[in-house]
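S.K.:
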Amino acid sequence: MSKNEDRIWTIVDAKAPAYFGLSDRIWDKPELNYQEFHAAAEHTAVLEREAFAVSSGIAGIPTAVMGEAGAGGPVIAILGEYDALPGLSQRAGVAQQDPIVTGGSGHGCGHNMLGSAALLAAASLKQWLAENNIPGRVRYYGCPAEEGGSSKSFMVKAGTFDDVDIAISWHPATFTGVTEAVSLACVELEFTFNGRASHAAAAPELGRSALDAIELMNIGVNYMREHMPSTARVHYALVDGGGIAPNVVQARAVVRHLVRARTLHDMWSLVERVKKIADGAALMTETTVESKQLSGEANLVGNAPLESLMHRNLMRLGGPGFDETDKPFAAEIQKSIPSQDIEASYGRHGLAVSDEPLSNDVYLPGRVLTESVGSTDVGTVSWVVPTVQCRVACYAVGTPGHSWQLVAQGKAPAAHKGIALAAKAMAGVAKDIFADPDLLKAAKTEFDVFRAKNDFNNPVGPDTAPPLAMAEA
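When you read off a place in the sequence shown, starting at 1, and then add 300, the result is the number in the numbering used here.
Now the structure itself:
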């Protein structure tokens, strides 16, 4: 490999230590959906230090930021995230559950790492473009609220990706490889039932319980599970049970349902069925019900040329390079994880079980089994821009997503190695596209063929807005 071919990775290595620090600082102050003011400020400061042209509050979202550099040529977007999850506060480097703040939030999906590596890739590309005087623009998107907030869907609706040619992202994981383009389209809805309060002992016949309506709705949804696609999912959470007084018939109660399916069409079909169940519950209890959509995400659309390009970069780079100093802590973390969960993690990737607590391998495309999948708002972007992602090992094999174990590993040297590899992979893909117009053409051709056969309606419609955007309006 010539010096010119690996120059982008040399740039990443030189910049990486500062971005490890960025990842760790965000870890110390994890923030929830649309409240990521500290993280957004940290990313904005780095963009300004790297001399990007910065736009804050994009798509009307105060915690969304965009930085652009370069001129002419194609526009390549690098997507970053930095939101956290509730109830996952955890001390770094401790292999048993030990929250910093009881009930506090934590980066249980590793988005502190995700945003830092994405920004590192963008800054390295900016330098590489300038050094080589190559036409092209790199654009970093700091995206809040991926965890159920669907900020990218709102950003797509606002047109912030209209002039983007390619989008690239990644996610921390236990194994390294190209992300399979399989996810579930989803929508989150809030159902508010209103009834009539009364004395639960003296005059129960006068009451109409909103809580009863929610219980009946949830039972109805549970019975529906037998008659929906096996890959579909419906989850719910009680937001407001109507108060804490059992001697009062609850006049108002609120429940949220998250509906997921393989395709947007199947998802909307399932949403209508859930709404009918809510109407039925209201009818049975003589209450009324109103529904409000909170968020929505499309299923991922794959792009074979980009996925092949990502795989080639990962294979040239090899794994994260975990060494003997990384293994003891990872092994301690694994002691808190059931052995069957660790074995299942290997099985999902079509890999033989190993005694090594960390994986340095790159799995082959098509090896990931997809019986169990989640949702991501990157899916919405993939419907309007050719998109590719990778997953990079940053923590012990078997580590559950959305867990204290993941948070505990978020500042470890192993995580830093994963951040560096992810940045190199993303920057390498972008560099290849900037350098070879045929690669861009191939990616766009496949995307155009898919879109010609598939209509797209953003899962967040005109009446749905991010919570802070609605508050400001």
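A virtual CB, placed ideally from N, CA and C, is assigned to each residue, including glycine.
Keep in mind the model is a prediction, meaning the values are calculated, not measured.
Considering just the uninterrupted stretch of the alpha helix (DSSP H) at Val-749, what are its terminal residues?
M.R.: Counting along the chain, the alpha helix (DSSP H) containing Val-749 begins and ends at 737-753.
S.K.: In angstroms with no decimal places, state the Cα-to-Cα distance between Ala-693 and Ala-485.
M.R.: Cα to Cα, Ala-693 sits roughly 25 Å from Ala-485.
S.K.: Could you compute how far the alpha carbon of Cys-690 sits from the alpha carbon of Asp-540?
M.R.: If you take the alpha carbons of Cys-690 and Asp-540, they lie about 39 Å apart.
S.K.: Please give the ranges of any beta strand (DSSP E) in the region 525-589, keeping only runs that are unbroken, at least 3 residues long and fully inside the region.
M.R.: 533-540 and 552-561, all fully within the region 525-589.
S.K.: Give every residue of the same chain whose Cβ lies closer than 6 Å to the Cβ of Leu-347, excluding the five residues on either side of it in the sequence, and list them in chain order.
M.R.: Result list for Leu-347: Val-354 and Gly-367, in chain order.
S.K.: Using DSSP with H/G/I as helix, E/B as strand and the rest coil, what is Glu-515?
M.R.: In this structure, Glu-515 counts as helix in the three-state DSSP scheme.
S.K.: Give the DSSP-derived three-state secondary structure of Leu-489 in the structure shown.
M.R.: Three-state result, Leu-489: strand.
S.K.: Which term fits His-557, buried or exposed, when burial requires 16 or more other beta carbons within 10 angstroms of its beta carbon?
M.R.: Counting Cβ neighbours within 10 Å, His-557 comes out buried, since at least 16 surround it.
S.K.: Short of 7 Å in beta carbon distance, which residues of its chain neighbour Ala-604, apart from the five on each side in sequence? Order them along the chain.
M.R.: Here the set comprises Glu-746.
S.K.: Starting from the N-terminal side, write out each stretch of the alpha helix (DSSP H) that is 4 residues or longer and does not extend beyond the region 404-476.
M.R.: Entirely contained in the region 404-476, the alpha helix (DSSP H) runs reaching 4 residues are, in chain order, 411-432 and 451-457.
S.K.: From the DSSP output, which residues share a beta bridge with Cys-690?
M.R.: Beta-bridge pairing links Cys-690 to Trp-470 and Val-478.
S.K.: With which residues is Glu-368 paired in a DSSP beta bridge?
M.R.: According to DSSP, which records beta bridges pairwise, Glu-368 is partnered with Ala-353 and Arg-439.
S.K.: Report back the beta-carbon spacing between Glu-342 and Asp-383 to the nearest angstrom; my notes put them in contact at under 8 Å.
M.R.: That pair is no contact at about 13 Å.
S.K.: Can you tell me which residues form a DSSP beta bridge with Ala-598?
M.R.: According to DSSP, Ala-598 bridges with nothing at all.
S.K.: DSSP has Arg-612 in a bridge; who is on the other side?
M.R.: Arg-612 is not bridged to any residue.
S.K.: Determine, using beta carbons only, whether Ser-424 and Val-312 come nearer to each other than 8 Å.
M.R.: Yes; because the gap between Cβ atoms is below 8 Å, this pair is in contact.
S.K.: Check whether the region 476-483 and the region 406-416 touch, using three or more Cβ-Cβ pairs below 8 Å as the test.
M.R.: With the cut-off at 8 Å, the region 476-483 and the region 406-416 do not touch.
S.K.: Out of curiosity, what's the CA-to-CA distance linking Lys-575 and Ala-708?
M.R.: Distance between the alpha carbons of Lys-575 and Ala-708: 40 Å.
S.K.: Assuming Thr-676 contacts Glu-607 under a Cβ cut-off of 8 Å, what Cβ separation, rounded to an integer in Å, is found between them?
M.R.: So it is not a contact: roughly 16 Å between Cβ atoms.
S.K.: From which residue to which residue does the alpha helix (DSSP H) around Val-678 run?
M.R.: It spans 678-682 - the alpha helix (DSSP H) in which Val-678 sits, taken as one unbroken run.
S.K.: Out of curiosity, what's the CA-to-CA distance linking His-411 and Arg-307?
M.R.: Cα-Cα distance, rounded: 27 Å.
S.K.: Going by beta carbon distance, what residues of the same chain come within less than 8 Å of Ala-723, once the five residues before and after it are set aside?
M.R.: Answer for Ala-723: Val-312, Ala-316, Tyr-319, Ala-417, Ala-418, Leu-420, Ala-421 and Ser-424, listed in chain order.
S.K.: Okay, do the region 391-400 and the region 364-380 touch, 3+ Cβ pairs below 8 Å being the bar?
M.R.: These segments do not touch.
S.K.: Could you check if Val-438 is buried or exposed, using at least 16 other CB atoms within 10 Å of its CB as the buried criterion?
M.R.: Val-438 comes out buried.
S.K.: Might you give, ordered along the chain, the residues of its own chain that have their beta carbon closer than 6 Å to the beta carbon of Trp-683, omitting 5 neighbours on each side?
M.R.: Ala-598, Val-601 and Phe-756, listed in sequence order.
S.K.: Under 8 Å, Cβ to Cβ, is there at least one residue of chain D near Arg-556?
M.R.: Protein chains in the displayed structure number just one, and chain D is not present.
S.K.: Would Leu-393 and Phe-629 be called neighbours here (beta carbons separated by less than 8 Å)?
M.R.: Checking the sequence shown, residue 393 turns out to be Gly, not Leu. Contact flag set, yes.
S.K.: How far does the beta strand (DSSP E) with Ala-630 in it extend, from its first residue to its last?
M.R.: First-last for Ala-630: 627-634, but that is the alpha helix (DSSP H), not the beta strand (DSSP E).
S.K.: Can Lys-452 and Asn-758 be called in contact, C-beta distance under 8 Å?
M.R.: It is not a contact, given that the beta carbons lie outside the stated cut-off.
S.K.: Give a yes or no on contact between the region 612-631 and the region 720-735, applying the rule of three or more CB pairs nearer than 8 Å.
M.R.: Yes, the region 612-631 is in contact with the region 720-735.
S.K.: Where Ser-636 and Gly-404 are concerned, what is the direct C-alpha to C-alpha distance, given to the nearest angstrom?
M.R.: For Ser-636 and Gly-404, the distance between alpha carbons rounds to 21 Å.
S.K.: Is Glu-342 helix, strand or coil when you go by DSSP?
M.R.: DSSP places Glu-342 in helix when its eight states are reduced to three.
S.K.: Mind checking Ile-519: buried by the 16 CB within 10 Å criterion, or exposed?
M.R.: Exposed is the call here.
S.K.: Please state if the CB of Gly-619 and the CB of Trp-327 are separated by a distance shorter than 8 Å.
M.R.: Not a contact, by the Cβ cut-off of 8 Å.
S.K.: By the 10 Å Cβ neighbour count, where 16 or more other Cβ atoms means buried, how is Leu-388 classified, buried or exposed?
M.R.: Buried is the call here.
S.K.: Going straight from the alpha carbon of Glu-297 to that of Ile-642, what length do you get?
M.R.: The question about residue 297 has no answer, for the chain in this structure spans 301 to 773.
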